[in-house]
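J.: What follows is a structure written as structure tokens; I'll ask about it next.
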Amino acid sequence: MIDLRSDTVTKPSQLMRDVMAKADVGDDVYGEDPTVNELEAYAAKLVGKEAALFVTSGTQGNQIAVLSHTHLGQEVIMDEDAHVFVYEGGAISAFAGVQSRTLPHVNGEIPLKTLEESIQPDDVHFPETGLIWLENTHNRSGGTVLTIDYLKHVAEIATHHNVPVHMDGARLFNAAVAIREDVTTITQHVDSVQFCLSKGLGAPVGSILAGSKQFIANARKKRKMLGGGLRQAGVLAAPGLLALKSNIKRLEDDHEHARMLAAAINRYTDMVVTHDIHTNIIIADTAHSAKTAKEWVSLLAEKGISVIQYKPEALRFTTHLNISTKNINDVINLLKTCS
């Protein structure tokens, strides 16, 4: 089966398994795991932040960020398709006691005028705006990348209103590779950032939350509250460190594979890919197809291709490091038989 459901399905390489087995470990809750400490220091420097925290998942990292930036009764501004709003089980209201102010967007970018006008005035009737939330790359838009110009303007608005900005950068390095810029070109415009080690980078588990020293000190306490304090976590940190050192540049291969596949979907099927392919995610619209999205999932599975029904009338294909150029060519040849 050629698995294109998600880049979360990647399996650790033999080298990753080797570094896990040999990892130097200690009690991370006491700050004594040397491998975790190395990962956090390396990650912080890589994204241009003062400090970083190893967390078990992107969702946990995002929730820790909300807890660390906001307080009870505040409001978080985000786009209406944000992962934190759609896919994290309502956690920001359940755990942080804040509400989501969801706004329309184009490829993850909320119009700047709309964004600024949504920051609440100092009035007893309104919830205080506690945080502005960005997602880069933007999952539900098809892995699109927020422009640097947009990030600059959001940062200016946030600074003017004294509101922090967090970036859900689950696929942050896909964004950096796509625009051919150092990742700090992106992260310099936000106060904190979360990025996953276990998606395109290929580690089996874990994410990083990065920000100022004060923010991360607070975040470390919030991680403990959520049950995220780990003991001999070096066995999990080691493959993440290897991924950051070895697997960033090769993300361009995934992007090229996605472009190849999107072109084939448009050419050989009656599904339609309408968004530009910035990174490794393809959203194929089935609204005008002779088959429903559910029927497409079943048909492709019969041909050995695993995808997900992403929306009522759309499929998602995601390329990753376990998908080779041969795999993509095989999928393209199979698509030719699906008409």
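Position one of the sequence shown corresponds to residue 70 (the working numbering), numbered consecutively onward. We treat Cβ as the ideally placed atom computed from N, Cα and C, and that holds for glycine. On a predicted model such as this, the values are computed, not experimentally measured, just so you know.
1. Quick check on the DSSP output: the beta strand (DSSP E) that includes V145 runs from which residue to which?
2. Excluding the 5 residues flanking M329 on each side, which residues of the same chain have their C-beta closer than 6 Å to its C-beta?
3. In whole angstroms, give me the CA-to-CA distance for S281 and N231.
4. If we count the other Cβ atoms within 10 Å of its Cβ and call it buried at 16 or more, is Y156 buried or exposed?
5. Would you grab the beta carbon distance between L200 and H140 for me? Rounded to a whole angstrom, and I think it's under 8 Å.
6. Once you ignore the five residues that flank K111 on each side, which residues in its own chain have a CB closer than 7 Å to its CB?
7. Buried or exposed for A163, please, with buried defined as at least 16 other CB atoms from any protein chain shown within 10 angstroms of its CB.
8. Give the straight-line distance between the Cα atoms of P81 and T338, rounded to the nearest whole angstrom.
9. What are the start and end residues of each continuous beta strand (DSSP E) run of 3 or more residues lying completely inside the segment 84-158, in chain order?
10. So V262 is in the beta strand (DSSP E); what residue range does that whole segment cover?
11. Rounded to whole angstroms, what is the Cα-Cα separation between R292 and G95?
12. Measuring CB atoms only, is the segment 393-407 touching the segment 99-108, in the sense that at least three cross pairs come out at less than 8 Å?
13. I'd like the span of the alpha helix (DSSP H) that includes M236, first residue to last.
14. In whole angstroms, give me the CA-to-CA distance for A272 and V341.
15. For L369 and I217, what's the separation of their Cα atoms in angstroms?
16. Among A227, F284, A327, which has the Cα closest to the Cα of I352?
17. Among residues of its own chain, excluding the 5 on either side of A121, which ones have a beta-carbon nearer than 7 Å to its beta-carbon?
18. Say whether the segment 127-136 touches the segment 172-183, bearing in mind that this needs 3 or more beta-carbon pairs closer than 8 Å, one atom from each stretch.
19. How about A92 and G303: do their beta carbons lie closer than 7 Å?
20. Leaving out five residues on either side along the sequence, give the residues of the same chain with a beta carbon under 6 Å from the beta carbon of I334.
21. Could you give the DSSP three-state label for V304: helix, strand or coil?
22. Near I317, what residues of its chain come up, given a Cβ to Cβ distance below 6 Å and the 5 sequence neighbours on each side ignored?
23. Starting from the C-beta of V246, find all residues in its chain whose C-beta is less than 6 Å away, skip the five residues before and the five after it, and write them out in chain order.
24. Based on Cα-Cα distance, which residue from R209, V214, E225, A151 lies nearest to K182?
25. Rounded to the nearest angstrom, how far is the Cβ of H152 from that of D237, given a contact under 8 Å?
26. Which one or two residues does DSSP pair with D72 in a beta bridge?
27. Buried or exposed, going by whether 16 or more other CB atoms sit within 10 Å of the CB of G159?
T.: In brief:
1. Taking the first residue of the sequence shown as 1, we reach residue 145 at position 76. 144-148 is the span of the beta strand (DSSP E), which, as asked, contains V145.
2. Translated into positions along the sequence shown, residue 329 becomes position 260. Taken in chain order, the residues that qualify are I397.
3. Reading the sequence shown from its first residue, position 212 is the one you call residue 281. Reading the sequence shown from its first residue, position 162 is the one you call residue 231. About 16 Å.
4. What you label residue 156 is simply residue 87 of the sequence shown in a count that begins at 1. Burial call: exposed.
5. Translated into the one-based positions of the sequence shown, residue 200 becomes position 131. Translated into the one-based positions of the sequence shown, residue 140 becomes position 71. Wrong, their Cβ atoms sit about 10 Å apart, outside the cutoff.
6. Translated into the one-based positions of the sequence shown, residue 111 becomes position 42. It is worth fixing the name first, because residue 111 is Tyr in this sequence and not Lys. For Y111, where only same-chain residues beyond five positions count, the Cβ hits under 7 Å are L310, L313.
7. Here the question's residue 163 lines up with position 94 in the sequence shown. Classification for A163: exposed.
8. Counting from 1 along the sequence shown, the entry for residue 81 is found at position 12. Counting from 1 along the sequence shown, the entry for residue 338 is found at position 269. Whole-angstrom Cα-Cα distance: 33 Å.
9. 120-124, 144-148
10. In the sequence shown, residue 262 corresponds to position 193, counting from 1. It spans 261-265 - the beta strand (DSSP E) in which V262 sits, taken as one unbroken run.
11. Counting from one through the sequence shown, the residue named residue 292 turns up at place 223. Counting from one through the sequence shown, the residue named residue 95 turns up at place 26. Cα to Cα, the separation comes out at about 18 Å.
12. no
13. In the sequence shown, counting from the first residue as 1, residue 236 sits at position 167. Where M236 is concerned, there is no enclosing alpha helix (DSSP H), although the beta strand (DSSP E) it sits in stretches over 234-237.
14. Position 203 of the sequence shown, counting from 1, holds the residue named residue 272. Position 272 of the sequence shown, counting from 1, holds the residue named residue 341. Cα to Cα, the separation comes out at about 32 Å.
15. By 1-based counting over the sequence shown, the position of residue 369 is 300. By 1-based counting over the sequence shown, the position of residue 217 is 148. Distance between the alpha carbons of L369 and I217 is about 37 Å.
16. Here residue 352 refers to the residue found at position 283 when the sequence shown is read from its first residue. The candidate whose alpha carbon is nearest that of I352 is A327.
17. As a first step, residue 121 must be located in the sequence shown, where it is residue number 52. Once the five neighbours on either side are set aside, the close Cβ partners of A121 are E109, A112, A113, I277, L278, A279, I285.
18. no
19. The sequence position of residue 92 within the sequence shown is 23, counting from 1. The sequence position of residue 303 within the sequence shown is 234, counting from 1. Yes, they are a contact pair.
20. Against the sequence shown, residue 334 aligns to sequence position 265. Only M340, V342, A353 meet the Cβ criterion.
21. Residue 304 sits at position 235 when you count from the first residue of the sequence shown. In this structure, V304 counts as helix in the three-state DSSP scheme.
22. Taking the first residue of the sequence shown as 1, we reach residue 317 at position 248. Taken in chain order, the residues that qualify are F242.
23. Counting from one through the sequence shown, the residue named residue 246 turns up at place 177. These residues qualify, in order along the chain: L320, E321.
24. Reading the sequence shown from its first residue, position 113 is the one you call residue 182. Closest by alpha carbon: E225.
25. Counting from one through the sequence shown, the residue named residue 152 turns up at place 83. Counting from one through the sequence shown, the residue named residue 237 turns up at place 168. Contact flag correct, Cβ pair sits at about 6 Å.
26. For the purposes of this step, residue 72 is taken as residue 3 along the sequence shown, with counting starting at 1. According to DSSP, which records beta bridges pairwise, D72 is partnered with S375.
27. Looking up residue 159 in the sequence shown gives position 90. The residue in question, G159, is exposed, as its Cβ has fewer than 16 Cβ neighbours within 10 Å.
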